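Scroll down for the structure; my scribbles are underneath it.
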Amino acid sequence: MKLHFIAADKKVGAMAKTIGLADGSNRSYPMAFRMTTMLEEFDVETEGLPRYVDLLSAHAGQGHALYKGMFQRELVNESRRGLTDKTLKTQFMVLDIDGLKIDGLKAIGKGKATMASVKKVAEKVISFMPPALQKVSYVALASSSFGLYDEECSVHIHFLLKEAVDPRALKHYLTSLNFTQNEIYEKLKLTPSKMKIKSVVDPCLAEPARVIYIAPPMFGPTGKNPFKNDKQRFALVNKSEPLLDLHAELERIDDITDFVNERKSEVLKDKQKRAGLTAFKPKFKRINVD
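Here the sequence shown stands for residues 25 to 314, where the numbers follow the working numbering.
Structure follows, in structure tokens:
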């Protein structure tokens with residue numbers, strides 16, 4: 025399996041958020057218009073997740089990011105525009121869980137978060153997922169806001185796949201998890217525009233051109249890092265199956281499409297009604313043409 029990690033131009037620095045600036049605000053991920061690629065390769069069957077987590081941790085420590093897909097060629101301090109190879113299948117899946125509300129989950133004090141903290145939160149998320157995912161090993165990575173807020177879960181969960189799959193099929197699957205899993209469905213909410221539903225499981229991380237940020241955040245004068253050692257942000261969780269077989273899960277996507285669309289429509293109407301919005305009704309005007 026091949027992976028492309030990316031580094032931003034030296035003027036940009038680490039591809040990481042900054043938490044706790046002097047005015048109390050946060051700085052989002054930097055815009056990297058030029059980047060350099062680093063190709064890594066390992067055997068999924070024989071090296072698997074132990075090698076994968078080592079690569080993630082090593083590149084994260086250097087301020088790099090992981091690319092979801094692969095480039096057509098190596099980049100050296102140049103734009104990535106138009107260079108993603110969109111024909112390739114993918115052999116890893118990332119559950120991007122950001123801001124999921126979990127009752128009883130408490131913010132973690134400065135320097136008190138550990139690998140065990142990450143595993144505990146990740147296992148709670150996994151308990152919301154289909155049985156097929158619950159028996160498979162994974163790597164959990166604490167997101168930038170992990171441990172900063174009460175009852176808020178922010179974690180990335182990485183699975184290696186037994187067989188490579190089409191990114192479009194993977195995106196449909198990730199989308200479906202928001203509507204087929206009741207614990208996730210019940211926590212859906214509106215986007216700021218109130219015109220759409222914000223996903224709990226972000227389906228965009230199936231797209232080949234997506235950047236997956238793995239570097240630990242930097243902390244300004246008002247920020248408090250819950251981790252004493254940022255290497256503790258990575259947790260390898262071993263289960264009975266080392267690789268995820270998505271074949272059966274993807275096969276049933278067509279069968280549940282109507283169900284997913286129905287629930288999507290229902291939750292949008294319900295949330296908009298609760299927000300005081302009336303359903304949009306298109307207006308028509310009759311025009312007589314001779």
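Beta carbons: idealized from backbone N, C-alpha and C, even for Gly.
Being a predicted model, the structure only gives us computed values, none of them experimental.
Whole-Å CB distance - residue i paired with residue j, under 8 Å assumed
{"i": "Pro74", "j": "Leu268", "result": "So it is not a contact: roughly 16 Å between Cβ atoms."}
{"i": "Val149", "j": "Ile221", "result": "That pair is no contact at about 19 Å."}
{"i": "Lys255", "j": "Ser52", "result": "Not quite, the Cβ-Cβ distance comes to about 24 Å (not below 8 Å), so this is no contact."}
{"i": "Ile121", "j": "Val284", "result": "Actually they are not in contact, since the Cβ atoms of Ile121 and Val284 sit about 19 Å apart, beyond 8 Å."}
{"i": "Asp67", "j": "Lys130", "result": "With a Cβ gap of about 40 Å, Asp67 and Lys130 do not count as contacting."}
{"i": "Ala272", "j": "Ala40", "result": "Between Ala40 and Ala272 the Cβ distance is about 37 Å, and since that is not below 8 Å, they are no contact."}
Residue i vs residue j beta-carbon contact at 9 Å
{"i": "Pro250", "j": "Lys136", "result": "yes"}
{"i": "Leu274", "j": "Val142", "result": "no"}
{"i": "Met23", "j": "Leu194", "result": "What the structure shows of the chain is the stretch from 25 to 314, and residue 23 is not part of that stretch, so it cannot be assessed."}
{"i": "Arg315", "j": "Tyr209", "result": "This structure cannot settle anything about residue 315, because the visible part of the chain is limited to 25 through 314."}
{"i": "Lys134", "j": "Leu270", "result": "no"}
Residue of the options minimising C-alpha distance to residue i
{"i": "Pro155", "options": "Gln205, Tyr173, Leu214 and Met39", "result": "Gln205"}
{"i": "Gln115", "options": "Ala146, Arg105, Glu65 and Gln158", "result": "Glu65"}
{"i": "Ser217", "options": "Glu147, Ala46, Gln296 and Leu184", "result": "Gln296"}
{"i": "Ile132", "options": "Glu176, Tyr197 and Ala193", "result": "Glu176"}
{"i": "Ala32", "options": "Leu45, Leu79 and Gln86", "result": "Gln86"}
{"i": "Leu27", "options": "Leu194, Lys144 and Ile236", "result": "Ile236"}
{"i": "Leu184", "options": "Lys113, Tyr76, His88 and Glu210", "result": "Tyr76"}
{"i": "Val100", "options": "Ala56, Ile126 and Asp122", "result": "Ala56"}
{"i": "Ala140", "options": "Leu79, Asn253, Thr281 and Ala299", "result": "Asn253"}
{"i": "His182", "options": "His196, Ala164, Gly106 and Leu172", "result": "Ala164"}
{"i": "Met25", "options": "Lys34, Pro54 and Thr70", "result": "Thr70"}
{"i": "Gly106", "options": "Phe258, Ser264, Arg234 and Leu301", "result": "Arg234"}
{"i": "Thr108", "options": "Thr138, Thr61, Thr281 and Lys293", "result": "Thr61"}
{"i": "Leu79", "options": "Phe258, Thr111 and Lys263", "result": "Phe258"}
{"i": "Arg298", "options": "Met219, Thr111 and Asp226", "result": "Met219"}
Cutoff 6 Å; reference residue i; Cβ partners in own chain excluding five residues on either side
{"i": "Ile43", "result": "Asn50, Pro241, Phe243 and Gly247"}
{"i": "His83", "result": "Phe29"}
{"i": "Val145", "result": "Cys177 and Val179"}
{"i": "Glu207", "result": "Phe152"}
{"i": "Gln158", "result": "Ile150"}
{"i": "Ala38", "result": "Gly87 and Ala239"}
Cβ-based neighbour list, residue i, same chain, cut-off 8 Å, excluding 5 preceding and 5 following
{"i": "Pro245", "result": "Gly44, Leu45 and Ala46"}
{"i": "Pro266", "result": "Gly72, Leu73, Val160, Ser161 and Leu184"}
{"i": "Lys113", "result": "Ala188, Val189, Asp190 and Pro191"}
{"i": "Lys211", "result": "Leu124, Lys125 and Val224"}
{"i": "Gly128", "result": "Glu175"}
{"i": "Leu301", "result": "Lys218"}
Cβ-based neighbour list, residue i, same chain, cut-off 7 Å, excluding 5 preceding and 5 following
{"i": "Ser103", "result": "Phe57 and Arg58"}
{"i": "Pro306", "result": "Caution applies to Pro306, whose pLDDT of 47 falls short of 50 and renders its modelled position unreliable; the model cannot decide the point."}
{"i": "Glu138", "result": "This sequence places Thr at residue 138; Glu is not what is there. Correct list, in chain order: Gln256."}
{"i": "His196", "result": "Ile277"}
Touch check for the region 87-99 and the region 216-235: three-plus C-beta pairs under 8 Å?
These segments touch.
Three or more C-beta pairs below 8 Å linking the region 193-210 and the region 162-180
No: the two stretches stay apart, fewer than three of their Cβ pairs being nearer than 8 Å.
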